[in-house]
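Chemist:
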Amino acid sequence: MTTTPRYLPRTIRLDTSDLHAFPSAAEEGEWAVSGAFAFADADPEEIVGAWAQAFRNGLLGTESFGWSTFAAVALIDPLEAEQVVTRLARHFVEVYGAPTLAQALPVAREEVAFAASLCDGHPAGTLITVERSMDDTGVREHFRTVKDSRGEMHAAIWEISPDIDLDKEDTGT
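Residue numbers (our numbering): 228 to 400.
#1: Once DSSP output is grouped into helix, strand and coil, what is the label at Ser251?
#2: Which runs of the beta strand (DSSP E) fall wholly inside the stretch 255-298 and span at least 3 residues, in chain order?
#3: Apart from the five residues just before and just after Pro350, which ones in its own chain have a Cβ nearer than 6 Å to its Cβ?
#4: May I ask which residues mark the beginning and end of the beta strand (DSSP E) holding His349?
#5: Once you ignore the five residues that flank Glu255 on each side, which residues in its own chain have a CB closer than 7 Å to its CB?
#6: Quick one: Cα of Glu358 to Cα of Arg367, how far?
#7: In this structure, how does DSSP classify Leu241 when only helix, strand and coil are distinguished?
#8: In the DSSP assignment, find the unbroken beta strand (DSSP E) run with Leu372 in it and report its ends.
#9: Measure the C-alpha to C-alpha separation of Glu307 and Pro271 and round it to an integer number of angstroms.
#10: Please state the DSSP three-state secondary structure of Pro236.
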């Protein structure tokens with residue numbers, strides 16, 4: 228019997244680069260999984276451009292199914308965790324051709340359990356990143372964590388504002 232995860236990675240945006248780097252960027256605050264399954268049958272020669280960036284450094288959001296460079300360890304409600312599993316299983320049926328939702332659910336549960344294992348032993352707010360490569364045996368993943376050096380919980384220390392055009396003349400208004 229699989230236990231319900233207490234913590235899962237949740238996408239976070241430290242700047243706007245994900246909006247430009249990936250074929251589709253995850254929204255901030257989506258529960259995330261590794262997403263390596265998206266590349267399981269890929270021809271390495273065809274992983275180029277934005278897809279190459281998603282392959283190398285993307286974590287997959289489970290609402291938009293867009294990509295994020297960073298995710299933060301976050302507490303998840305058991306009901307919400309089950310919704311993540313169901314949403315991912317539906318995605319497996321609709322996008323990857325799983326025969327039925329019933330057959331996709333155990334695989335989705337395994338993906339979510341793996342994502343939860345990335346959070347093990349880390350306090351809420353710890354950032355998670357991935358580096359992927361491909362060799363003759365398949366996709367290889369290496370995960371890194373970035374902890375707040377002050378030992379404090381994650382808190383907003385800046386806000387993101389839109390880029391400004393420095394070439395525009397200041398009209399003084």
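Note that the Cβ used here is the ideal one computed from N, Cα and C, for glycine as well.
Modeler: Short version:
#1: Look at Ser251 here: in three-state DSSP terms it is coil, with no helix or strand label.
#2: Taking only runs of at least 3 residues, the beta strand (DSSP E) segments lying wholly in the stretch 255-298 are 286-288.
#3: Cβ within range, chain order: n/a, list empty.
#4: Careful: His349 lies outside any beta strand (DSSP E) and carries neither H nor E.
#5: So the qualifying residues of the chain are Thr238, Ile239, Arg240.
#6: Each residue's Cα considered, the two are about 8 Å apart.
#7: Coil.
#8: The residue you asked about is not Leu; residue 372 is Thr in the sequence shown. 365-373 is the extent of the beta strand (DSSP E) around Thr372.
#9: Glu307 and Pro271 have their alpha carbons spaced roughly 35 Å apart.
#10: Annotated three-state conformation of Pro236 is strand, per DSSP.
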